[in-house]
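Read through the structure below, which is laid out as structure tokens, and then see the notes.
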Amino acid sequence: MEPEHGAPPASPPAPGQSENKTNSSEEESKLNELHPYVQTLNLNDLESCVNLENATFPPNEACSREKFIYRLTTCSQLCLGLFTSATPSDPHPPLRRLSSSSFSHPADSTDPSRHQVLLAHIIATKTDGTTVTDEDMTLPPKWQSEPHATPHLGHKEYGRTICLHSLAVLPEYQDRGLGKTLVLAWIQRMQSAGVADRIALITYDRLVPFYEKLGFEHLGKSKAKYAGGDWNDMVLEFENLPCQIK
Ligand SMILES: CC(C)(COP(=O)(O)OP(=O)(O)OC[C@H]1O[C@@H](n2cnc3c(N)ncnc32)[C@H](O)[C@@H]1OP(=O)(O)O)[C@@H](O)C(=O)NCCC(=O)NCCS
């Protein structure tokens with residue numbers, strides 16, 4: 001498969017990183033050969049997304065399987081994955097495990113044992129407001145049988161604000177620039193697609209600086225009560241993007 005967007009080689013783990021992060025020279029060398037690429041997600045990626053989400057978020061915050069089905073059916077064009085490819089004989093255990101999992105798809109390669117592995121994802125919907133609300137995060141209960149029954153819940157196709165609901169990087173590959181790479185590639189795609197005027201999200205106090213570095217503005221505490229509340233509202237207006245992102 002041809003990469004849709006290349007990412008820089010991953011850097012070695014910083015001193016003091018946890019034991020489960022790679023530390024042998026063979027594994028470091030493998031990380032530098034990840035050749036990650038981004039690709040729009042679809043329903044075929046459901047199990048990879050559920051696996052990644054559950055490995056990354058606590059159960060009360062993780063997007064449910066039902067919500068993944070809804071979002072990947074209703075607005076998959078807003079969702080982006082960062083993949084690599086690997087074989088079941090890969091020297092790096094997470095890639096070996098994931099490439100041989102029942103839900104990984106063959107990579108477009110001359111080697112039939114080479115499979116796609118999802119390293120990170122962004123899951124999003126749209127809203128007609130300017131920040132993310134609990135209603136935007138709610139799964140419309142009858143979205144399949146009565147799609148227009150609860151228009152205030154879930155994805156609003158004609159909204160001009162993209163809601164970033166989940167940004168997740170596989171724990172073994174965090175702190176190597178993959179999250180930043182995926183968000184920047186996604187912002188660029190969403191802006192060029194012309195489908196919205198801004199991106200909004202809610203996040204923890206500790207990640208406010210992470211999103212500020214990516215161009216988001218901190219608007220203060222959110223009214224959202226999802227998973228206990230205490231979230232921060234952050235917004236990125238496309239019209240305020242610096243030249244290098246435009
Ligand atoms: C948050 C997350 C997406 C970041 O992805 P990542 O690949 O680990 O981050 P990157 O390596 O791309 O880091 C990019 C920058 O953000 C900083 N950063 C990363 N995680 C951070 C954190 N938890 N707190 C503060 N800064 C952080 C990095 O130091 C780096 O700074 P630099 O550009 O000055 O070097 C990832 O750690 C993750 O999946 N966490 C668990 C799920 C989660 O919290 N998602 C966000 C929900 S709103």
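Using the numbering used here, the letters of the sequence shown correspond one by one to residues 1 to 246. Glycine included, C-beta positions come from ideal geometry on N, C-alpha and C.
With distances taken between CB atoms, is the gap from residue i to residue j smaller than 9 angstroms?
i, j, result
"E61", "A227", "yes"
"Y211", "L201", "yes"
"E172", "P59", "no"
"V38", "L78", "no"
"M234", "V195", "no"
"S109", "S48", "no"
"T74", "H155", "yes"
With distances taken from CA atoms, which of the options is nearest residue i?
i, options, result
"P112", "G129, S89, P93 and I202", "S89"
"L43", "A107, T110, I123 and P93", "I123"
"R198", "D205, Y173, L236 and P209", "L236"
"T250", "T150, G229 and H35", "There is simply no residue 250 to check, as the chain begins at 1 and stops at 246 in what is shown."
"G159", "P93, Y37, L95 and K126", "K126"
"H165", "H105, E53, R189 and F238", "E53"
"Y204", "L153, K225 and Q191", "K225"
"L214", "K221, H105, K223 and F238", "F238"
"A120", "T73, M190, F57 and N232", "F57"
"P273", "D45, V50 and L34", "Nothing about residue 273 can be reported from this structure: the residues present for the chain run from 1 to 246 only."
"R189", "L170, R176 and I162", "I162"
"R71", "L153, P106, I187 and D175", "L153"
"R206", "A193, N232, K223 and Q191", "N232"
"A55", "P147, V169 and G129", "V169"
Residue i by DSSP, collapsed to three states: which one?
i, result
"Y158", "coil"
"N232", "strand"
"P171", "helix"
"D128", "coil"
"C79", "coil"
"P151", "coil"
"R206", "helix"
"L118", "strand"
"R97", "helix"
"V183", "helix"
"Q39", "strand"
Would a check of beta-carbon distances place residue i closer than 9 angstroms to chain D?
i, result
"C79", "No chain D is part of this structure, which consists of one protein chain only."
Original post:
Counting Cβ pairs, one atom from each stretch, are 3 or more of them under 8 angstroms apart for the region 83-90 and the region 99-106?
Top reply: Three or more beta-carbon pairs separated by less than 8 angstroms link the region 83-90 to the region 99-106, which places the two stretches in contact.
Original post:
Is it a yes or a no for the region 181-199 touching the region 138-153, going by three-plus beta-carbon pairs under 8 angstroms?
Top reply: With fewer than three CB-CB distances shorter than 8 angstroms, the region 181-199 does not count as touching the region 138-153.
Original post:
Does the region 129-136 come close enough to the region 61-70 that 3 or more CB-CB pairs lie under 8 angstroms?
Top reply: These segments do not touch.
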